[in-house]
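For the sequence shown, this note's numbering gives the first residue as 667, with consecutive numbering after it. All C-beta atoms in this analysis are idealised placements derived from N, C-alpha and C, irrespective of residue type, glycine included. Encoded as structure tokens, the structure appears first; notes follow it.
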Amino acid sequence: MDARTTEHEASIAKVRNSFADAIGHARYSSEPTVLTSRGKRVAAIVPMEFYERALEALGIEVTPSQESTAADS
667 MDARTTEHEA SIAKVRNSFA DAIGHARYSS EPTVLTSRGK RVAAIVPMEF
717 YERALEALGI EVTPSQESTA ADS
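In structure tokens:
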């Protein structure tokens, strides 16, 4: 199976000013945004479904940190 998707690439500085757009690409268009710093690809904002499937495929079980659970309360 040959799965393809559109990938956006933006500097961290640009995404900082339009974070909602990057989240929207992932959430509604299922398109990742690759973050760059000084031209180097350093991180990605991906759709939650992709993240969950990747963890499952890699056999990784995630435990939320105390920091993240306290912030959501």
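With a 10 Å radius around its C-beta and 16 neighbouring C-beta atoms as the bar for buried, classify residue i as buried or exposed.
i	result
residue 730	exposed
residue 712	buried
residue 699	buried
residue 701	buried
Our contact map puts residue i next to residue j with C-beta atoms below 8 Å; I'd like the distance itself, whole angstroms only.
i	j	result
residue 681	residue 688	5 Å
residue 703	residue 678	5 Å
If you draw a straight line from the alpha carbon of residue i to that of residue j, how long is it in whole angstroms?
i	j	result
residue 722	residue 684	30 Å
residue 707	residue 697	16 Å
residue 675	residue 732	31 Å
residue 669	residue 715	15 Å
What did DSSP end up calling residue i once you bin it into helix, strand or coil?
i	result
residue 700	strand
residue 670	coil
residue 708	strand
residue 695	helix
residue 722	helix
residue 675	strand
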